[in-house]
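Going left to right, the sequence shown walks through residues 34 to 604 as the working numbering numbers them.
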Amino acid sequence: MTFSTEQWRNHFESLINSSDDFVAIATPNGKMVFVNEAGKEMVSLPGDLDIKETLFTDFVTAHGSLAYSEELDHIFAGQDWKGIGWLKNWANNKVFPVQVTSLVLTDPLHDQPIALATIRRDLREIHAAKLESDRLRLHDPLTGLSGRSQFENKLDDSIARSITNRRYASVFFVDVDRFHEINASLGHFVADGLLAQVANRLTNSAVGARAVSRFGGDEFLILMENLADQTQAEEIASRLISAFDEPFPIENNDVYVSISIGVCFGNTNASQMISLADQAVYQAKSRGRARYEIVEATLSAQIADDHVSKYRELHLAIDRGELFTLFQPIVRLDDKKIVAAEALVRWMRPNHGIVPPLEFIQLAESTGLISRIGELVLKSACSLIKTLNDHGISLKIAINVSQLQLVDPNFALIVTTELTRYEISPGQLTLEVTESVAMDDIETIGRTIALLKEAGTLISIDDFGTGYSSVRTLRHLPFDTLKIDREFVSAVDEQGNDYAVVRAIIAMANALGLSIVAEGVETADQQDSLVQLGCPYAQGFLYSHPISEGELVSILTFDNLDDLEQSPGLL
34 MTFSTEQWRN HFESLINSSD DFVAIATPNG KMVFVNEAGK EMVSLPGDLD
84 IKETLFTDFV TAHGSLAYSE ELDHIFAGQD WKGIGWLKNW ANNKVFPVQV
134 TSLVLTDPLH DQPIALATIR RDLREIHAAK LESDRLRLHD PLTGLSGRSQ
184 FENKLDDSIA RSITNRRYAS VFFVDVDRFH EINASLGHFV ADGLLAQVAN
234 RLTNSAVGAR AVSRFGGDEF LILMENLADQ TQAEEIASRL ISAFDEPFPI
284 ENNDVYVSIS IGVCFGNTNA SQMISLADQA VYQAKSRGRA RYEIVEATLS
334 AQIADDHVSK YRELHLAIDR GELFTLFQPI VRLDDKKIVA AEALVRWMRP
384 NHGIVPPLEF IQLAESTGLI SRIGELVLKS ACSLIKTLND HGISLKIAIN
434 VSQLQLVDPN FALIVTTELT RYEISPGQLT LEVTESVAMD DIETIGRTIA
484 LLKEAGTLIS IDDFGTGYSS VRTLRHLPFD TLKIDREFVS AVDEQGNDYA
534 VVRAIIAMAN ALGLSIVAEG VETADQQDSL VQLGCPYAQG FLYSHPISEG
584 ELVSILTFDN LDDLEQSPGL L
């Protein structure tokens, strides 16, 4: 059986129209020929619009500017392209992210392009579904309570607010007494049902709690904030224990359960307060059942006052625009060309000058302000990439990402939103994660990194070699770049242990297909040793201190490395 050309065309259109993706065909010069029905609906195409009167660029641009020049550069040069691209919603003239496969169809006899074909999958629902999936994973499926990472984030925030208000936060570590006996006698299924009821009773009894979480097994965490004194914490603990005087109905029987509680009252940091509360509950259980033990963990008055003062100042500094971003170039060692730059945030504190980054970054992390600062740096990096693109310069910019950002289920969406707003390629943005942060909550952070990788951004492991689980980090997370910590680079020219360590790191990175950057290069001897070891890229004061966006754009525009080397920048 044979088909006529018209029959083949009808079968083809029927097949294409069965797809839920946007599928379109254009002539080699970009004039649209066909858009499938799902595609028309996806972009809210006006019903009276004649497809053949439109251009391919009409579908991927908004407000008259190219939304994704990298894709257009490839296909109009006769090259296929895959990646994250854009589509325009004709109803509101805004672009949205899509997964793209664009092909140049050629005439096999004359090797000439005859059409452009593109398939574009809407990522909005996929991102929303993954965010919902991540939200569900962050909650305990048995009890519906939040997990430990969310509890710690809220605790850090509560500590900061309590210090500011001259009040106290408290962690209540709850352990179900004799639960192992109950589990053994009634079975796992019944015991799980009991845990769900325990969680419900704790939630109802912990009036005013900022968070109630399942720590694991038969252990729960409760967070109270803005307590006036330790007496309030003791009253809450007593009330919680009394709430378990009533039995639980289990399979037509009344089961009596008691709880023991360890309370940490004070304002230090999340991990310490949870640890102290954990120790306290064991002290309580050692004295019998249905008891509580309270421990205090407070900052000294002087430290607390200083903490409050700096927190308020940093909060205001963000609002007033006192924080700014500098960029330290990363160079290719074989020709000393700038191929990337790392964005570094600085705080110009009025009447004090530059605040050391380690000082205010640590403060930002302990108070939750790091997420706001991170977004400022992200916007600065995207703005610079956009500026350089407009000058015809393609450069990768790296930004540091905190643990608080990576456990935020909306972080991947925040990043892709900025990429869309500035109309830049995701592959021009690198997110740097220290190995200690990566291993802190590897499951949650791994999901966030997977979303960012899917969107097309690059991921770098920073300060490699200083953590206890460096190799494990590489095995579990999909990094693109490895940055060798300055601790090893500082003595790499001495041909000793650090030289051997750097050689091993480079060999391992090469075997894994990772790009390599050496941090903290300050001398020509260090540089020579790195070249000898085969390290391709480096960053450090030997090449440049951190410099302003304007300086970097000027240097790259004129391609003048001498200007770069003489520019001191701001530390």
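Virtual Cβ for every residue (Gly too), placed ideally from N, Cα, C.
Note that the structure is a prediction, hence the values are computed from the model and not measured.
The way I'd put it, the region 357-375 doesn't touch the region 293-311; fewer than three beta-carbon pairs between them come closer than 8 Å. A376 sits close to I432, with the two beta carbons spaced by under 8 Å. In terms of CA proximity to I387, A350 leads the group A350, R154 and I403. In the DSSP assignment, L409 falls within the unbroken alpha helix (DSSP H) covering I403 to D423. At the C-beta level, A239 and L175 stay beyond 8 Å of one another. Taking C-beta atoms as the reference points, E258 and R243 count as a pair closer than 8 Å. In this structure, L563 is the residue among L563, L515 and L507 with its C-alpha nearest to the C-alpha of Q528. For I457, there is no enclosing beta strand (DSSP E), since its DSSP letter is neither H nor E. With 16 or more other Cβ atoms from the protein chains shown falling within 10 Å of its own Cβ, R153 counts as buried.
S577 and E465 have their C-alpha atoms some 20 Å from each other. With 16 or more other CB atoms across the displayed protein chains lying within 10 angstroms of its CB, S203 is buried. Only residues of its own chain outside the window of five on either side were considered, and among them I549 and G567 have a CB closer than 8 Å to the CB of N543, listed in chain order. Y570 sits in a strand when the DSSP states are folded into three classes. Relative to D208, the option among F222, T264 and F277 whose CA is nearest is F277. Distance from the CA of A414 to the CA of L428, rounded to the nearest whole angstrom, comes to 11 Å. The C-beta of D140 has fewer than 16 other C-beta atoms within 10 Å across all chains shown, which makes the residue exposed. DSSP places T477 in the helix class (H, G or I) of the three-state scheme. For Y201, the enclosing beta strand (DSSP E) stretches over residues Y201 to V209. Taken in chain order, the complete alpha helix (DSSP H) segments of 4 residues or longer contained in the region 524-592 are 530-544, 557-566 and 582-591. By the Cβ rule, the region 257-271 counts as touching the region 188-201, because three or more pairs are nearer than 8 Å. The residue from K64, K187, M65 and H172 with its alpha-carbon nearest to that of L437 is K187. Going by C-alpha positions, S182 is about 19 Å away from T506. In the three-state reduction of the DSSP assignment, K318 falls in the helix class, which pools H, G and I. In the three-state reduction of the DSSP assignment, A373 falls in the strand class. With respect to the 8 Å criterion, A488 and P459 are classified as neighbours on the basis of their beta carbons. With at least 16 other beta carbons inside 10 angstroms of its own, S293 counts as buried. Using a 10 angstroms sphere on the CB of Y325, the tally of other CB atoms reaches 16 or more, which defines it as buried. Straight through space, the alpha carbons of D496 and K516 are spaced by roughly 6 Å.
Membership of A224 in the alpha helix (DSSP H) is indicated by the continuous run H221 to S238. DSSP places S275 in no beta strand (DSSP E) but in the uninterrupted alpha helix (DSSP H) bounded by Q263 to S275. The alpha carbon of L421 has as its nearest neighbour, out of W380, A373, T463 and G401, the alpha carbon of A373.
Taken atom to atom, the span from the alpha-carbon of V66 to that of R454 is near 29 Å.
In the displayed model, H348 falls within a helix according to three-state DSSP. Take S304, set aside five residues on each side of it, and no residue of its chain has a beta-carbon closer than 6 Å to its own.
The residue among T301, D251, G226 and V245 with its C-alpha nearest the C-alpha of P282 is G226.
The continuous stretches of beta strand (DSSP E) do not include A71, which lies in the alpha helix (DSSP H) extending over residues E70 to M75.
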